[in-house]
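Report on one structure; see the data block that follows.
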Amino acid sequence: TVARATPDSGRVPAGLPTKLQHYIGGQHVDSVDGATFDVLDPVTNQPYLTAAAGKAADIDAAVAAARHAFEQGPWPRLQPRERAKVLQKIADIVESRDQQLAEMESYDSGLPITQALGQARRAAENFRFFADLVVAQTDDAFKVPGRQMNYVNRKPIGVAGLITPWNTPFMLESWKLAPALATGNTVVLKPAEFTPLSASLWAGIFAEAGLPEGVFNLVNGLGEDAGDALVKHPEVPLISFTGESRTGEIIFGNAAPFLKGLSMELGGKSPAVVFDDADLDAAIDATIFGVFSLNGERCTAGSRILVQRTIYDEFVRKYAEQAERVRVGYPHDPSTEVGALVHPEHYDKVMSYVEIGKNEGRLVAGGGRPKGFDSGNFVAPTVFADVAPQARIFQEEIFGPVVAITPFDTEEQALQLANGVKYGLAAYIWTNNLQRAHNFAQSLEAGMVWLNSNNVRDLRTPFGGVKASGLGHEGGYRSIDFYTEQQAVHITL
Ligand code: NAD
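In terms of UniProt numbering, the sequence shown opens at residue 5 and continues consecutively.
Given below as structure tokens:
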């Protein structure tokens with residue numbers, strides 16, 4: 005954990021704006037009341053831009069623009085192929101600007117530049133994927149011979165409200181924007197207030213790709229103001245939300261009187277279970293990556309590692325050694341593996357868990373600021389061993405480069421530990437016993453399971469969690485289902 009570059013050598017991306025506005029009906033506009041908020045750069049924690057702070061009046065204007073674009077068309081009524089052409093163009097533009105996008109994202113969020121680049125490419129892939137999917141879409145038809153014919157009309161729903169978090173913001177926005185637009189809806193996006201920079205690039209990309217004005221609208225602002233107004237807007241029938249479980253609960257309550265369609269992708273405390281017959285080196289590499297990539301600010305992070313007691317000591321020793329070798333550095337440095345956490349508030353939260361962990365487990369790596377980083381939101385990759393299941397660092401989502409390791413003896417114990425938290429987003433299993441792997445996967449309370457592998461998923465598969473990790477699934481046709489009405493038509497033959 006050594007400083008790899010000085011904070012100012014080539015750190016600031018070219019063309020960095022100092023002011024962000026909303027984007028409503030094809031126009032960049034300030035808030036109705038002129039309010040703004042400051043956005044900090046996570047390396048210095050100095051404000052580097054001001055963004056318009058949207059409130060209910062700004063959301064009203066954005067929803068009106070989106071509603072107008074939906075009613076007047078042509079977007080919802082275009083052939084899927086025509087919409088797909090625009091989406092493919094969006095993907096081309098994102099790909100051609102991946103370096104610039106990554107630099108902006110890395111500067112704003114503190115993500116390591118190489119990882120931000122991967123996320124920009126994934127954003128392009130999301131647009132390509134949903135463009136293909138709507139063109140290939142088939143709709144159900146059912147025939148009762150001689151009696152009845154039934155078929156399904158699939159229709160866009162209207163104005164979709166998209167509320168996104170600050171971790172991998174651009175990619176997560178694309179994950180909602182692409183299917184919402186592909187299916188013919190119009191949208192209002194409310195990006196996270198910690199990281200509004202990359203979202204501001206969508207407006208130019210969409211305009212260049214030929215998306216009609218008013219189809220995409222963006223309102224910056226705080227969750228409790230702009231986000232809240234979007235959730236409570238009567239003309240927004242759908243809310244797709246990604247963020248903390250607690251925020252999901254609030255949104256659920258606020259959307260209830262309107263009976264809105266909700267997709268909830270929430271928090272996690274995902275287990276990685278390592279049995280004694282696993283390929284140990286592969287398991288260590290993967291579980292290091294699983295919690296320290298993306299600064300540990302990853303919803304599917306394998307933040308609890310459960311290890312069979314027969315290999316426990318060896319695992320902990322090797323894991324701690326490898327964690328100490330993970331390179332903390334400035335986000336723009338290509339050799340950096342862990343950058344700066346997004347915001348001082350989040351840094352304080354993660355550091356408070358590091359302190360809690362010192363009383364709850366045995367610290368074997370990290371445990372504070374890395375050497376050479378006296379300011380900025382840098383946290384050394386931190387590993388606690390011997391963590392009991394009732395410990396807060398075992399139960400609560402930390403969302404940083406901090407991991408808890410816990411031993412188990414039997415498969416039953418491992419399952420109990422794995423399922424013994426309120427979350428159920430992802431799980432990782434390491435064993436060479438295939439029968440056990442499949443049976444164990446089946447018993448896990450997790451929306452997604454990786455067997456002897458790490459966090460790579462085909463875009464056609466369902467994405468979502470159980471328990472406090474979410475409600476509903478996105479991914480492949482499940483996203484298409486969420487963003488469309490399915491009307492059944494029955495004809496007597
Ligand atoms: P957050 O819940 O604080 O904020 C998410 C978004 O909701 C932001 O845009 C915020 O402004 C908005 N918001 C906040 N309060 C609101 C309210 N009352 N009404 C409407 N909108 C409101 O989450 P975060 O800290 O930005 O993101 C980190 C969390 O997101 C973690 O818990 C992480 O696990 C989760 N996450 C989940 C997934 C997934 O797919 N399951 C993916 C990424 C992140």
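Ideal placement from N, C-alpha and C gives every residue a C-beta, glycine not left out.
- Counting C-beta atoms within 10 angstroms of its own C-beta, Pro-116 has 16 or more neighbours from the protein chains shown and is therefore classed as buried.
- About 6 Å separates the beta carbons of Ser-267 and Glu-478, which is inside the 8 Å limit, making them a contact pair.
- By the beta-carbon neighbour count (other beta carbons within 10 angstroms, threshold 16), Phe-146 is exposed.
- Glu-364 has its CB no nearer than 7 Å to any heavy atom of ligand 1.
- In the displayed model, Ile-402 falls within coil according to three-state DSSP, outside both helix and strand.
- Taking 7 Å as the cut-off, one finds at least one heavy atom of ligand 1 near enough to the beta carbon of Gly-469.
- Contact between Pro-405 and Val-295 holds, since their C-beta atoms are separated by about 7 Å, short of 8 Å.
- The segment 369-379 and the segment 136-156 do not touch, with fewer than 3 CB-CB distances between them shorter than 8 Å.
- Take Ala-259, set aside five residues on each side of it, and the residues of its chain with a beta-carbon closer than 7 Å to its own are Val-235, Ile-243, Leu-266, in chain order.
- Judged by DSSP in its simplified three-state form, Trp-79 adopts helix.
- About 5 Å separates the Cβ atoms of Leu-193 and Leu-166, confirming a contact at the 8 Å cut-off.
- Scanning the segment 10-85 for uninterrupted alpha helix (DSSP H) segments of 4 residues or longer gives 60-76, listed from N- to C-terminal end.
- The segment 222-238 and the segment 358-378 do not touch, with fewer than three beta-carbon pairs separated by less than 8 Å.
- Per DSSP, reduced to three states, the secondary structure at Ile-433 is strand.
- Judged by beta-carbon spacing, Ile-97 lies beyond the 8 Å limit of Tyr-487, meaning their Cβ atoms are not closer than that value.
- Contact between Ser-178 and Phe-245 is absent: CB atoms are separated by about 16 Å, not below the 8 Å threshold.
- Ligand 1 has no heavy atom closer than 7 Å to the beta-carbon of Pro-84.
- Distances between the C-beta of Val-223 and the heavy atoms of ligand 1 are all 7 Å or more.
- Using a cutoff of 7 Å, the CB of Asp-232 counts as near ligand 1, since one of the ligand's heavy atoms is closer than that.
- Judged by DSSP in its simplified three-state form, Ser-244 adopts strand.
- In this chain, the beta strand (DSSP E) harbouring Arg-158 covers 152-160.
- Put simply, the segment 20-37 does not touch the segment 352-363. Fewer than three CB pairs are less than 8 Å apart.
- DSSP places Lys-353 in the helix class (H, G or I) of the three-state scheme.
- Arg-396 has its alpha-carbon roughly 21 Å from the corresponding atom of Gly-252.
- By the neighbour-count definition (other C-beta atoms within 10 Å, threshold 16), Gly-38 is an exposed residue.
- Beta-bridge pairing by DSSP links Val-342 to Val-332.
- An exposed status is given to Asp-289, since fewer than 16 other beta-carbon atoms sit within 10 Å of its beta-carbon.
- Here Pro-183 is not near Phe-262, since their CB atoms are 8 Å or more apart.
- Gly-58 is positioned such that its CB atom lies no closer than 8 Å to that of Asp-232.
- Here Thr-291 is buried, its C-beta having at least 16 other C-beta atoms within 10 Å.
- The beta carbons of Gly-468 and Glu-269 sit closer together than 8 Å.
- Lys-471 carries a strand assignment under DSSP once its states are collapsed to helix, strand and coil.
- Met-175 is bridged by DSSP to nothing; it lacks a bridge partner.
- An exposed status is given to Val-460, since fewer than 16 other beta-carbon atoms sit within 10 Å of its beta-carbon.
- Using a Cβ distance threshold of 8 Å, Gly-114 and Ala-305 do not count as a contacting pair.
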